[in-house]
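For reference, the structure discussed in these notes is given below.
Numbering (the UniProt record's numbering), first residue to last: 1 to 238.
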């Protein structure tokens, strides 16, 4: 029997890529603004099918997060509702869309890995650098560790929000027996090209569609063992 997967933010770039490429392998339920208001807990519960195995939480309200002393969008409520719904519906795992902006130190790790300066003596958690290829075959990801003892430094309010969601995920993993995987996605674009955006060094943080599909599928299926929480950085190797 196929695993049942709910995808929030299904109409976005990442959601669209995943639905197109995972629909043959999994029983997918796409949720978007058109069919489910994630700020309405009862609506969310109603739209999650029975015996769902994994929620992939991609939904993001693009309105300004913080303006004139007021939080102006619904991301906090939506994310809390997703975690709470997963617990209520006895769903095994939530895959949470995070971002490189959650931690400036992650950029140093990325540079050290690519410069061959990685010190393997770091703490728990995994950093995965996914090689850029034109197909998903023969991928050999580089795996190392985040150092959770070093204070994480978000690079923006957006990054701080994502870091809070990671912390919320750790809470639900520790106290509600929910498996949570936070994936700090690199840059994903419709064109599937490392040169699609003219931002400085965008090609260094680009994540291809092939590698996006691979890492999400990996964390749908992976046995986390005794670990209830993982945080990974997903970038296509340039």
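Cβ atoms here follow ideal geometry from the backbone N, Cα and C, with glycine treated the same way.
Go ahead and pull the three-state DSSP assignment for residue i.
{"i": "residue 249", "result": "The structure shown does not extend to residue 249, since the chain is modelled only from 1 through 238, so no value can be given for it."}
{"i": "residue 10", "result": "coil"}
{"i": "residue 209", "result": "helix"}
{"i": "residue 17", "result": "helix"}
{"i": "residue 230", "result": "strand"}
{"i": "residue 157", "result": "helix"}
{"i": "residue 196", "result": "coil"}
{"i": "residue 237", "result": "strand"}
Shorter than 7 Å, the distance from the beta carbon of residue i to the closest heavy atom of the ligand NAP, or not?
{"i": "residue 75", "result": "What this structure holds is no ligand at all, so the ligand NAP is not there to describe."}
Output yes or no for whether 8 Å exceeds the beta carbon distance between residue i and residue j.
{"i": "residue 91", "j": "residue 52", "result": "yes"}
{"i": "residue 79", "j": "residue 165", "result": "yes"}
{"i": "residue 32", "j": "residue 10", "result": "yes"}
{"i": "residue 187", "j": "residue 202", "result": "yes"}
{"i": "residue 96", "j": "residue 169", "result": "yes"}
{"i": "residue 157", "j": "residue 98", "result": "no"}
{"i": "residue 15", "j": "residue 58", "result": "yes"}
Give the C-beta separation of residue i and residue j to the nearest angstrom, bearing in mind that I take them to be a contact with Cβ-Cβ under 8 Å.
{"i": "residue 228", "j": "residue 174", "result": "7 Å"}
{"i": "residue 5", "j": "residue 28", "result": "5 Å"}
{"i": "residue 26", "j": "residue 2", "result": "5 Å"}
{"i": "residue 18", "j": "residue 100", "result": "With 8 Å as the limit, residue 18 and residue 100 do not qualify as a contact, their Cβ atoms being about 19 Å apart."}
Per DSSP, which one or two residues make a beta bridge with residue i?
{"i": "residue 224", "result": "Its beta-bridge partners do not exist; DSSP assigns none."}
{"i": "residue 242", "result": "Outside the shown range of the chain (1 to 238) lies residue 242, about which nothing can therefore be said."}
{"i": "residue 57", "result": "8, 96"}
For chain B, find out if any of its Cβ atoms is closer than 8 Å to the Cβ of residue i; answer yes or no.
{"i": "residue 83", "result": "The chain labelled as chain B is not found in the depicted structure, where only one protein chain is given."}
I want to know whether the region 82 to 99 touches the region 204 to 213 - three or more CB-CB distances under 8 Å.
Contact fails between the region 82 to 99 and the region 204 to 213, because fewer than three Cβ pairs, one in each stretch, are under 8 Å apart.
Can you find at least 3 beta carbon pairs, one from the region 218 to 228 and one from the region 189 to 202, that sit closer than 8 Å?
Flag = no, the region 218 to 228 and the region 189 to 202 do not touch.
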